[in-house]
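Undergrad:
The structure is reproduced here in C-alpha coordinates:
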(Lines of atoms letter the chains of each structure in order from A; the text may use other names.)
(Lines give C-alpha, C1' and ligand atoms only; values in the text may rest on other atoms or scores of the structure.)
Protein backbone atom coordinates (compact mmCIF):
# COMPACT_ATOMS: atom_id res chain seq x y z
CA UNK A 297 0.00 0.00 0.00
CA UNK A 298 0.99 3.66 -0.38
CA UNK A 299 1.21 5.86 2.69
CA UNK A 300 2.38 9.33 3.69
CA UNK A 301 5.40 9.23 6.00
CA UNK A 302 6.69 11.81 8.45
CA UNK A 303 10.36 10.79 8.56
CA UNK A 304 11.37 13.52 11.02
CA UNK A 305 9.71 16.45 12.71
CA UNK A 306 9.44 19.46 10.44
CA UNK A 307 7.21 21.29 7.97
CA UNK A 308 4.55 19.48 5.90
CA UNK A 309 6.74 19.87 2.82
CA UNK A 310 9.07 17.21 4.27
CA UNK A 311 6.37 14.53 4.09
CA UNK A 312 6.95 11.75 1.55
CA UNK A 313 4.76 9.04 0.02
CA UNK A 314 6.20 5.52 0.24
CA UNK A 315 5.18 1.92 -0.43
CA UNK A 316 4.65 -0.04 2.80
CA UNK A 317 3.47 -3.59 3.54
CA UNK A 318 -0.29 -3.96 3.89
CA UNK A 319 -1.30 -3.95 7.59
CA UNK A 320 -2.88 -6.93 9.34
CA UNK A 321 -5.50 -6.48 12.06
CA UNK A 322 -4.59 -7.29 15.64
CA UNK A 323 -7.12 -8.34 18.28
CA UNK A 324 -9.97 -5.83 18.38
CA UNK A 325 -8.80 -4.14 15.19
CA UNK A 326 -10.03 -3.92 11.63
CA UNK A 327 -8.16 -2.92 8.50
CA UNK A 328 -9.89 -0.13 6.59
CA UNK A 329 -9.41 0.51 2.89
CA UNK A 330 -9.28 4.29 3.26
CA UNK A 331 -11.37 6.24 0.75
CA UNK A 332 -11.09 9.70 2.30
CA UNK A 333 -9.14 11.28 5.15
CA UNK A 334 -9.70 14.68 6.75
CA UNK A 335 -6.92 17.11 7.62
CA UNK A 336 -7.02 18.71 11.08
CA UNK A 337 -4.80 21.41 12.56
CA UNK A 338 -3.37 18.98 15.16
CA UNK A 339 -2.03 16.90 12.24
CA UNK A 340 0.22 19.84 11.39
CA UNK A 341 1.33 20.23 15.01
CA UNK A 342 2.06 16.50 15.28
CA UNK A 343 4.18 16.56 12.11
CA UNK A 344 6.05 19.60 13.40
CA UNK A 345 6.70 18.01 16.80
CA UNK A 346 4.67 20.71 18.59
CA UNK A 347 1.61 18.73 19.66
CA UNK A 348 1.16 18.01 23.38
CA UNK A 349 1.58 14.31 22.61
CA UNK A 350 4.59 13.35 20.52
CA UNK A 351 4.76 10.36 18.18
CA UNK A 352 8.36 9.33 17.43
CA UNK A 353 9.08 9.41 13.67
CA UNK A 354 8.74 7.71 11.33
CA UNK A 355 4.94 7.57 11.35
CA UNK A 356 1.97 8.06 9.05
CA UNK A 357 -0.06 11.11 10.07
CA UNK A 358 -3.79 11.52 9.59
CA UNK A 359 -6.29 11.37 12.42
CA UNK A 360 -9.65 11.04 10.65
CA UNK A 361 -10.69 8.59 7.96
CA UNK A 362 -13.54 6.84 6.20
CA UNK A 363 -13.59 3.72 4.03
CA UNK A 364 -14.44 0.03 3.80
CA UNK A 365 -13.51 -2.79 6.17
CA UNK A 366 -11.30 -5.29 4.33
CA UNK A 367 -10.02 -7.44 7.23
CA UNK A 368 -11.30 -8.13 10.75
CA UNK A 369 -9.27 -9.05 13.81
CA UNK A 370 -10.40 -11.30 16.65
CA UNK A 371 -13.11 -9.70 18.76
CA UNK A 372 -13.83 -6.82 16.37
CA UNK A 373 -17.54 -6.36 15.79
CA UNK A 374 -17.45 -5.53 12.06
CA UNK A 375 -17.66 -7.48 8.81
CA UNK A 376 -15.71 -7.18 5.58
CA UNK A 377 -17.48 -4.66 3.37
CA UNK A 378 -18.86 -2.48 6.16
CA UNK A 379 -18.60 1.26 5.49
CA UNK A 380 -16.99 2.95 8.50
CA UNK A 381 -15.50 6.21 9.66
CA UNK A 382 -13.56 7.17 12.73
CA UNK A 383 -10.50 8.67 14.37
CA UNK A 384 -7.14 6.92 14.56
CA UNK A 385 -4.83 9.70 15.90
CA UNK A 386 -2.26 8.63 13.28
CA UNK A 387 -2.32 6.40 10.20
CA UNK A 388 -5.11 8.00 8.17
CA UNK A 389 -3.10 9.33 5.23
CA UNK A 390 -2.65 5.90 3.66
CA UNK A 391 -4.44 3.49 1.37
CA UNK A 392 -5.03 1.15 4.30
CA UNK A 393 -5.10 1.61 8.08
CA UNK A 394 -5.39 -0.79 11.00
CA UNK A 395 -7.77 0.84 13.47
CA UNK A 396 -9.30 -0.25 16.80
CA UNK A 397 -12.87 -1.25 16.08
CA UNK A 398 -14.10 0.81 19.06
CA UNK A 399 -12.80 3.95 17.34
CA UNK A 400 -15.07 3.40 14.34
CA UNK A 401 -18.74 3.93 13.58
CA UNK A 402 -20.89 2.77 10.68
CA UNK A 403 -21.43 5.38 7.97
CA UNK A 404 -25.17 6.12 7.65
CA UNK A 405 -26.87 5.29 4.37
CA UNK A 406 -26.72 8.17 1.92
CA UNK A 407 -23.58 9.72 3.45
CA UNK A 408 -20.47 9.74 1.26
CA UNK A 409 -16.93 8.98 2.42
CA UNK A 410 -15.71 12.59 2.36
CA UNK A 411 -18.54 13.85 4.56
CA UNK A 412 -18.08 10.92 6.95
CA UNK A 413 -14.32 11.52 7.19
CA UNK A 414 -14.80 15.22 7.88
CA UNK A 415 -17.56 14.89 10.44
CA UNK A 416 -16.17 13.21 13.54
CA UNK A 417 -13.53 15.27 15.33
CA UNK A 418 -14.69 18.79 14.53
CA UNK A 419 -18.39 18.08 15.06
CA UNK A 420 -17.83 16.18 18.30
CA UNK A 421 -15.63 19.00 19.57
CA UNK A 422 -18.16 21.67 18.64
CA UNK A 423 -21.17 19.74 19.95
CA UNK A 424 -19.65 18.88 23.30
CA UNK A 425 -18.62 22.53 23.66
CA UNK A 426 -22.06 23.87 22.79
CA UNK A 427 -24.27 21.25 24.41
CA UNK A 428 -22.40 20.12 27.51
CA UNK A 429 -19.88 22.83 28.36
CA UNK A 430 -21.56 26.09 27.30
CA UNK A 431 -25.07 24.67 27.87
CA UNK A 432 -26.38 26.71 24.93
CA UNK A 433 -30.14 27.27 24.86
CA UNK A 434 -32.46 28.30 22.01
CA UNK A 435 -32.13 32.01 21.12
CA UNK A 436 -28.85 32.38 23.05
CA UNK A 437 -26.48 34.77 21.21
CA UNK A 438 -23.40 32.61 20.66
CA UNK A 439 -20.16 33.96 19.17
CA UNK A 440 -17.95 31.56 17.22
CA UNK A 441 -14.38 32.70 16.60
CA UNK A 442 -12.49 31.20 13.68
CA UNK A 443 -15.91 30.44 12.24
CA UNK A 444 -14.56 29.60 8.79
CA UNK A 445 -12.35 26.74 10.02
CA UNK A 446 -13.22 23.13 10.68
CA UNK A 447 -14.32 23.39 14.32
CA UNK A 448 -15.68 26.90 13.81
CA UNK A 449 -17.93 26.06 10.88
CA UNK A 450 -19.10 22.90 12.67
CA UNK A 451 -20.03 25.11 15.63
CA UNK A 452 -21.98 27.42 13.32
CA UNK A 453 -23.82 24.45 11.81
CA UNK A 454 -24.60 22.89 15.20
CA UNK A 455 -25.42 26.16 16.93
CA UNK A 456 -28.06 26.82 14.29
CA UNK A 457 -29.41 23.27 14.74
CA UNK A 458 -29.70 23.93 18.50
CA UNK A 459 -31.67 27.10 17.85
CA UNK A 460 -28.99 29.54 19.00
CA UNK A 461 -28.48 32.96 17.46
CA UNK A 462 -25.05 32.31 15.97
CA UNK A 463 -22.66 35.22 15.40
CA UNK A 464 -19.82 34.06 13.18
CA UNK A 465 -16.47 35.86 13.41
CA UNK A 466 -13.74 35.12 10.87
CA UNK A 467 -10.92 36.73 8.92
CA UNK A 468 -12.27 37.10 5.38
CA UNK A 469 -15.47 37.89 3.45
CA UNK A 470 -15.22 34.50 1.74
CA UNK A 471 -15.30 32.62 5.04
CA UNK A 472 -18.12 34.74 6.37
CA UNK A 473 -20.18 34.22 3.22
CA UNK A 474 -20.10 30.46 3.86
CA UNK A 475 -21.08 31.04 7.49
CA UNK A 476 -24.10 33.02 6.33
CA UNK A 477 -25.03 30.24 3.92
CA UNK A 478 -24.85 27.80 6.84
CA UNK A 479 -27.33 29.84 8.86
CA UNK A 480 -25.31 32.34 10.92
CA UNK A 481 -27.59 35.16 12.05
CA UNK A 482 -24.78 37.73 11.85
CA UNK A 483 -21.12 37.87 10.83
CA UNK A 484 -18.09 39.88 11.91
CA UNK A 485 -14.83 40.31 9.96
CA UNK A 486 -12.50 40.69 12.93
CA UNK A 487 -9.55 41.68 10.76
CA UNK A 488 -11.50 44.76 9.66
CA UNK A 489 -13.98 45.45 12.46
CA UNK A 490 -13.76 46.08 16.19
CA UNK A 491 -14.82 42.67 17.47
CA UNK A 492 -15.96 43.72 20.94
CA UNK A 493 -18.02 46.65 19.66
CA UNK A 494 -19.52 44.62 16.80
CA UNK A 495 -20.69 41.91 19.21
CA UNK A 496 -22.20 44.55 21.48
CA UNK A 497 -23.96 46.22 18.54
CA UNK A 498 -25.43 42.90 17.37
CA UNK A 499 -26.48 41.53 20.76
CA UNK A 500 -27.29 44.66 22.72
CA UNK A 501 -26.50 43.10 26.10
CA UNK A 502 -23.55 40.89 25.14
CA UNK A 503 -23.05 37.27 24.14
CA UNK A 504 -24.26 34.34 26.20
CA UNK A 505 -21.32 32.22 25.10
CA UNK A 506 -18.11 32.42 23.07
CA UNK A 507 -16.45 29.41 21.44
CA UNK A 508 -12.79 30.01 20.66
CA UNK A 509 -10.73 27.41 18.74
CA UNK A 510 -8.21 30.06 17.61
CA UNK A 511 -6.76 31.96 20.58
CA UNK A 512 -4.60 34.95 19.73
CA UNK A 513 -5.50 38.65 19.98
CA UNK A 514 -9.27 38.33 19.57
CA UNK A 515 -9.88 36.13 22.60
CA UNK A 516 -9.81 39.01 25.10
CA UNK A 517 -12.04 41.19 22.92
CA UNK A 518 -14.59 38.38 22.72
CA UNK A 519 -14.33 37.77 26.47
CA UNK A 520 -15.06 41.45 27.11
CA UNK A 521 -18.16 41.18 24.90
CA UNK A 522 -19.82 38.54 27.10
CA UNK A 523 -22.97 39.36 28.99
CA UNK A 524 -22.86 39.05 32.76
CA UNK A 525 -22.66 35.36 33.64
CA UNK A 526 -21.57 34.42 30.12
CA UNK A 527 -19.45 31.38 29.23
CA UNK A 528 -16.12 31.47 27.37
CA UNK A 529 -15.04 28.09 25.98
CA UNK A 530 -11.42 27.72 24.88
CA UNK A 531 -10.92 24.89 22.37
CA UNK A 532 -7.50 25.41 20.82
CA UNK A 533 -4.91 27.85 19.56
CA UNK A 534 -4.81 27.69 15.77
CA UNK A 535 -3.40 31.22 15.71
CA UNK A 536 -0.25 29.91 17.39
CA UNK A 537 -0.68 32.25 20.36
CA UNK A 538 -2.13 31.25 23.73
CA UNK A 539 -3.88 34.35 25.09
CA UNK A 540 -3.51 35.68 28.63
CA UNK A 541 -6.91 36.42 30.13
CA UNK A 542 -7.23 39.25 32.74
CA UNK A 543 -8.88 37.49 35.66
CA UNK A 544 -10.44 40.72 36.93
CA UNK A 545 -12.82 40.57 33.94
CA UNK A 546 -13.88 37.08 34.97
CA UNK A 547 -14.54 38.26 38.52
CA UNK A 548 -16.32 41.52 37.75
CA UNK A 549 -18.73 40.03 35.19
CA UNK A 550 -19.24 36.63 36.81
CA UNK A 551 -17.93 34.94 33.67
CA UNK A 552 -17.18 31.22 33.46
CA UNK A 553 -14.08 30.25 31.46
CA UNK A 554 -13.90 26.55 30.54
CA UNK A 555 -11.58 24.42 28.47
CA UNK A 556 -12.76 21.44 26.41
CA UNK A 557 -10.34 18.85 25.01
CA UNK A 558 -11.79 16.20 22.73
CA UNK A 559 -9.28 13.46 23.71
CA UNK A 560 -10.32 13.45 27.36
CA UNK A 561 -13.97 14.51 27.26
CA UNK A 562 -15.39 10.97 27.21
CA UNK A 563 -13.31 9.95 30.26
CA UNK A 564 -14.11 13.12 32.18
CA UNK A 565 -17.83 13.27 31.33
CA UNK A 566 -19.00 9.79 30.27
CA UNK A 567 -22.73 10.45 30.72
CA UNK A 568 -22.69 13.67 28.72
CA UNK A 569 -20.47 12.05 26.09
CA UNK A 570 -22.92 9.20 25.52
CA UNK A 571 -25.86 11.57 25.27
CA UNK A 572 -24.05 14.00 22.95
CA UNK A 573 -22.86 11.28 20.57
CA UNK A 574 -26.36 9.82 20.25
CA UNK A 575 -27.86 13.23 19.50
CA UNK A 576 -25.06 14.10 17.09
CA UNK A 577 -25.43 10.83 15.19
CA UNK A 578 -29.14 11.53 14.73
CA UNK A 579 -28.45 15.04 13.45
CA UNK A 580 -25.91 13.70 10.94
CA UNK A 581 -27.95 10.73 9.73
CA UNK A 582 -31.02 12.93 9.25
CA UNK A 583 -29.07 15.42 7.14
CA UNK A 584 -29.69 18.35 9.49
CA UNK A 585 -25.94 18.91 9.81
CA UNK A 586 -23.05 17.99 7.53
CA UNK A 587 -19.49 19.25 7.13
CA UNK A 588 -18.73 21.88 4.52
CA UNK A 589 -15.85 20.60 2.37
CA UNK A 590 -13.87 23.54 1.12
CA UNK A 591 -10.94 21.77 -0.59
CA UNK A 592 -9.86 18.30 -1.72
CA UNK A 593 -6.39 16.95 -2.50
CA UNK A 594 -5.11 13.58 -3.81
CA UNK A 595 -2.87 11.42 -1.62
CA UNK A 596 0.26 12.58 -3.46
CA UNK A 597 -0.53 16.18 -2.46
CA UNK A 598 -1.11 15.54 1.25
CA UNK A 599 1.73 17.88 2.17
CA UNK A 600 -0.03 20.70 0.31
CA UNK A 601 -3.30 19.83 2.09
CA UNK A 602 -1.66 20.06 5.52
CA UNK A 603 0.04 23.33 4.58
CA UNK A 604 -3.32 24.69 3.39
CA UNK A 605 -4.81 24.02 6.83
CA UNK A 606 -1.73 25.23 8.72
CA UNK A 607 -1.83 28.57 6.87
CA UNK A 608 -5.51 29.02 7.82
CA UNK A 609 -6.64 29.09 4.20
CA UNK A 610 -9.20 26.35 4.71
CA UNK A 611 -12.93 27.00 4.79
CA UNK A 612 -14.59 24.13 6.59
CA UNK A 613 -12.92 20.76 6.09
CA UNK A 614 -10.02 19.76 3.85
CA UNK A 615 -10.17 16.22 2.50
CA UNK A 616 -7.47 13.93 1.12
CA UNK A 617 -9.04 11.58 -1.45
CA UNK A 618 -7.38 8.19 -1.39
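In my numbering, the protein residues as written are 297 to 618. No residue lacks a Cβ here, since even glycine has one placed at the ideal position from N, Cα and C. All figures in this text were calculated on a predicted structure; none of them were measured in a lab.
#1: For the pair the region 368 to 381 and the region 343 to 351, tell me if three or more CB-CB distances fall below 8 Å.
#2: Mark residue 248 as exposed unless 16 or more other C-beta atoms lie within 10 angstroms of its C-beta, in which case mark it buried.
#3: Out of 540, 591, 450 and 315, state which residue places its alpha-carbon closest to the alpha-carbon of residue 576.
#4: Evaluate residue 350 with the Cβ neighbour count: other Cβ atoms within 10 Å of its Cβ, from every protein chain shown; 16 or more gives buried, anything less gives exposed.
#5: What runs of the beta strand (DSSP E), each 3 residues or longer, lie entirely inside the region 510 to 548?
#6: For residue 425 versus residue 519, is the C-beta spacing smaller than 8 Å?
#7: Would you report the Cα separation of residue 498 and residue 459, rounded to the nearest angstrom?
#8: Express the C-alpha separation of residue 512 and residue 429 in angstroms, rounding to a whole number.
#9: Identify the continuous beta strand (DSSP E) that holds residue 554 and give its terminal residues.
#10: Taking the alpha carbon of residue 526 as the reference point, which residue from 579, 452 and 554 has its own alpha carbon closest?
#11: I need the DSSP call for residue 359, collapsed to helix, strand or coil.
#12: Looking at the structure shown, is residue 400 part of a helix, part of a strand, or coil, going by DSSP?
#13: Please report how far the alpha carbon of residue 368 lies from the alpha carbon of residue 468, in whole angstroms.
#14: When you compare only the Cα positions, how much space is there between residue 494 and residue 314?
#15: Going by Cα to Cα distance, which pick from 301, 321 and 423 is closest to residue 393?
#16: If you measure between the beta carbons of residue 382 and residue 410, is that distance less than 8 Å?
#17: Can you give me the C-alpha to C-alpha distance between residue 358 and residue 500, rounded to a whole angstrom?
#18: Given a cut-off of 8 Å on the beta-carbon distance, is the pair residue 447 and residue 380 in contact?
#19: Quick check on residue 372: does DSSP put it in helix, strand or coil?
#20: What does the alpha-carbon distance come out to for the pair residue 332 and residue 442?
#21: Look up residue 381 in the DSSP assignment and say whether it is helix, strand or coil.
#22: By alpha-carbon positions, which one of 608, 514, 598 and 484 ends up nearest to residue 388?
#23: Please report how far the alpha carbon of residue 419 lies from the alpha carbon of residue 589, in whole angstroms.
#24: When DSSP labels each residue in this structure, what does residue 483 get in the three-state scheme?
#25: What does DSSP give as the partner residue(s) for residue 314 in the beta ladder?
#26: Just curious, the alpha helix (DSSP H) that residue 493 is in, first and last residue?
#27: Give the DSSP bridge partners of residue 433, in chain order.
#28: How big is the Cα-Cα spacing for residue 539 and residue 522?
#29: According to DSSP, which residues form a beta bridge with residue 461?
#30: Does the beta-carbon of residue 437 have 16 or more other beta-carbons within 10 angstroms, so that it is buried, or is it exposed?
#31: Is the beta carbon of residue 611 sitting closer than 8 Å to the one on residue 456?
#32: Per DSSP, which one or two residues make a beta bridge with residue 392?
TA: If we stick to the structure as given:
#1: no
#2: Any answer about residue 248 is impossible in this case: the structure gives the chain only from 297 up to 618.
#3: 450
#4: exposed
#5: 522 to 530
#6: no
#7: 17 Å
#8: 21 Å
#9: 552 to 555
#10: 554
#11: coil
#12: strand
#13: 46 Å
#14: 50 Å
#15: 321
#16: no
#17: 43 Å
#18: no
#19: coil
#20: 24 Å
#21: strand
#22: 598
#23: 13 Å
#24: strand
#25: 299
#26: 491 to 499
#27: In the DSSP output, where bridge partners are listed per residue, residue 433 has none listed.
#28: 17 Å
#29: 437
#30: buried
#31: no
#32: 329
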